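Input: a single structure, listed below in structure tokens.
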Amino acid sequence: MNILSPSILSADFSRLGEEIKCIDQAGAQYIHIDVMDGAFVPSISFGMPVIQSIRPCTERIFDVHLMIEEPIRYMDEFARCGADILTVHTESCAHLDRTIEAIKEKGMKACAALNPATDLHVLEYVLPKLDMVLLMTVNPGFGGQKYIPYCTDKIRRLRRMIEEKGLHTDIEVDGGITLDNVKEVMEAGANVIVAGSAVFQGNAGENAAKFLELMK
Ligand code: DX5
Ligand code: ZN
Numbered sequence: 179m180n181i182l183s184p185s186i187l188s189a190d191f192s193r194l195g196e197e198i199k200c201i202d203q204a205g206a207q208y209i210h211i212d213v214m215d216g217a218f219v220p221s222i223s224f225g226m227p228v229i230q231s232i233r234p235c236t237e238r239i240f241d242v243h244l245m246i247e248e249p250i251r252y253m254d255e256f257a258r259c260g261a262d263i264l265t266v267h268t269e270s271c272a273h274l275d276r277t278i279e280a281i282k283e284k285g286m287k288a289c290a291a292l293n294p295a296t297d298l299h300v301l302e303y304v305l306p307k308l309d310m311v312l313l314m315t316v317n318p319g320f321g322g323q324k325y326i327p328y329c330t331d332k333i334r335r336l337r338r339m340i341e342e343k344g345l346h347t348d349i350e351v352d353g354g355i356t357l358d359n360v361k362e363v364m365e366a367g368a369n370v371i372v373a374g375s376a377v378f379q380g381n382a383g384e385n386a387a388k389f390l391e392l393m394k
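If you read the sequence shown in the working numbering, its first letter stands for residue 179, the second for the next number, and so on.
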């Protein structure tokens, strides 16, 4: 199933609740929530209190993307503030297997994220445990960057790897996705689409509806 997960990093934070309701009404199935710690990535975004405060705004799935060092320290807190899917970076976990197990123990779905330059081999052993893999298609840390073209081949290779193992893992792509390249990434094998600036710049409801139309 194809899913749109608008990233609220590009939303107007002074009216975050309304922005979320708007993309919910347009039909976006997930809400993508980018948590940054100023260490794993240069920026600091927001954390648990913000997630907790927007939880009552929608019943849509909270797709929480942690760009933080050693996320295993915060499993309880993210489960409690309403995360449904928790994504951790392979590059920021000393013990990736243990971290995935901890996410699942807390009742959340587990996703591993890879930076553009990280090889797919890191997934070899843990892939069967994952509900989703997030392929970064820009270097993480900021919204509004340009899609890195070599990522299309990486998406294709990951889809093949998933099929060869007889799995049905979701592939999420994040960074520089627009109405112009969404078809390309979907044809390569991605089925969960993150879009930040391409949704929230201008009319978020209309932009989300345009994405969903192309993703049918
Ligand atoms: C970047 C974040 C993204 C970001 C995407 O590090 O993980 O989710 O919001 O923004 P766009 O779609 O504008 O590239
Ligand atoms: Zn993200």
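Quick reminder that beta carbons are idealized off the backbone N, C-alpha and C, glycines included. This structure is a prediction, so every number in the text was calculated from the model and none was measured.
The alpha helix (DSSP H) enclosing residue i, as first and last residue numbers
{"i": "Ala382", "result": "Ala382 to Leu392"}
{"i": "Pro227", "result": "Met226 to Ile232"}
{"i": "Val363", "result": "Val360 to Ala366"}
{"i": "Ile250", "result": "No alpha helix (DSSP H) contains Ile250, which DSSP labels as neither H nor E."}
{"i": "Leu305", "result": "It is not in any alpha helix (DSSP H) - Leu305 carries neither H nor E in the DSSP assignment."}
{"i": "Asp297", "result": "Neither: Asp297 is in no alpha helix (DSSP H) and is coded neither H nor E."}
Alpha-carbon to alpha-carbon, residue j and residue i
{"i": "Pro184", "j": "His210", "result": "6 Å"}
{"i": "Leu336", "j": "Val370", "result": "14 Å"}
{"i": "Leu301", "j": "Asn317", "result": "19 Å"}
{"i": "Arg276", "j": "Met286", "result": "14 Å"}
{"i": "Cys259", "j": "Asp331", "result": "36 Å"}
{"i": "Asn180", "j": "Met310", "result": "13 Å"}
{"i": "Gly216", "j": "Leu298", "result": "25 Å"}
{"i": "Asn293", "j": "Thr315", "result": "8 Å"}
{"i": "Glu341", "j": "Ile333", "result": "12 Å"}
{"i": "Cys329", "j": "Gln207", "result": "24 Å"}
{"i": "Leu357", "j": "Gln379", "result": "13 Å"}
{"i": "Ala261", "j": "Asp212", "result": "12 Å"}
{"i": "Lys388", "j": "Lys199", "result": "17 Å"}
{"i": "Arg233", "j": "Pro220", "result": "26 Å"}
{"i": "Leu392", "j": "Lys361", "result": "7 Å"}
{"i": "Gly374", "j": "Ala291", "result": "17 Å"}
{"i": "His321", "j": "Leu244", "result": "It is worth fixing the name first, because residue 321 is Gly in this sequence and not His. Approximately 15 Å, taken between the alpha carbons."}
{"i": "Gln230", "j": "Thr236", "result": "12 Å"}
{"i": "Met339", "j": "Ala272", "result": "24 Å"}
{"i": "Thr296", "j": "Met214", "result": "19 Å"}
{"i": "Ile222", "j": "Glu196", "result": "23 Å"}
{"i": "Arg238", "j": "Gly319", "result": "24 Å"}
{"i": "Asp254", "j": "Leu182", "result": "26 Å"}
Which residues DSSP lists as bridging residue i, in chain order
{"i": "Met245", "result": "Met214"}
{"i": "Ile239", "result": "Tyr208"}
{"i": "His346", "result": "BP columns for His346 are empty, so no partner."}
{"i": "Ala290", "result": "Val266 and Val311"}
{"i": "Val351", "result": "Leu313 and Ile371"}
{"i": "Leu182", "result": "Ile371"}
{"i": "Ile340", "result": "Note: Ile340 sits in no beta bridge, so no partner."}
{"i": "Ile278", "result": "Answer by DSSP bridge pairing: none, since Ile278 is not bridged."}
{"i": "Ile222", "result": "Asp215"}
Presumed contact (8 Å Cβ cut-off) between residue i and residue j, rounded CB distance
{"i": "Pro288", "j": "Leu264", "result": "A small fix is needed here, since residue 288 is Ala in this sequence, not Pro. Their Cβ separation, rounded to whole angstroms, is 7 Å, which keeps Ala288 and Leu264 in contact under 8 Å."}
{"i": "Val242", "j": "Phe256", "result": "6 Å"}
{"i": "Gly383", "j": "Ala189", "result": "Between Ala189 and Gly383 the Cβ distance is about 12 Å, and since that is not below 8 Å, they are no contact."}
{"i": "Ile201", "j": "Leu194", "result": "Contact doesn't hold; Cβ gap of about 11 Å is too wide."}
{"i": "Ser270", "j": "Phe191", "result": "Actually they are not in contact, since the Cβ atoms of Ser270 and Phe191 sit about 25 Å apart, beyond 8 Å."}
{"i": "Asn385", "j": "Val372", "result": "With a Cβ gap of about 13 Å, Asn385 and Val372 do not count as contacting."}
contact_flag[the segment 336-356, the segment 303-322] where n(CB pairs < 8 Å) is 3 or more: Counting Cβ pairs under 8 Å, three or more are found: they touch.
Please confirm if the segment 247-255 is in contact with the segment 269-288, defined as three or more CB-CB distances below 8 Å between the two stretches. At 8 Å Cβ cutoff, the stretches touch.
Counting beta carbon pairs with one atom in the segment 349-359 and one in the segment 316-335, are three or more of them shorter than 8 Å? Counting Cβ pairs under 8 Å, three or more are found: they touch.
Pairs of beta-carbons, one from the segment 221-228 and one from the segment 362-381, closer than 8 Å: are there three or more? In the pairwise beta carbon analysis, the segment 221-228 is classified as not touching the segment 362-381: fewer than three pairs are separated by under 8 Å.
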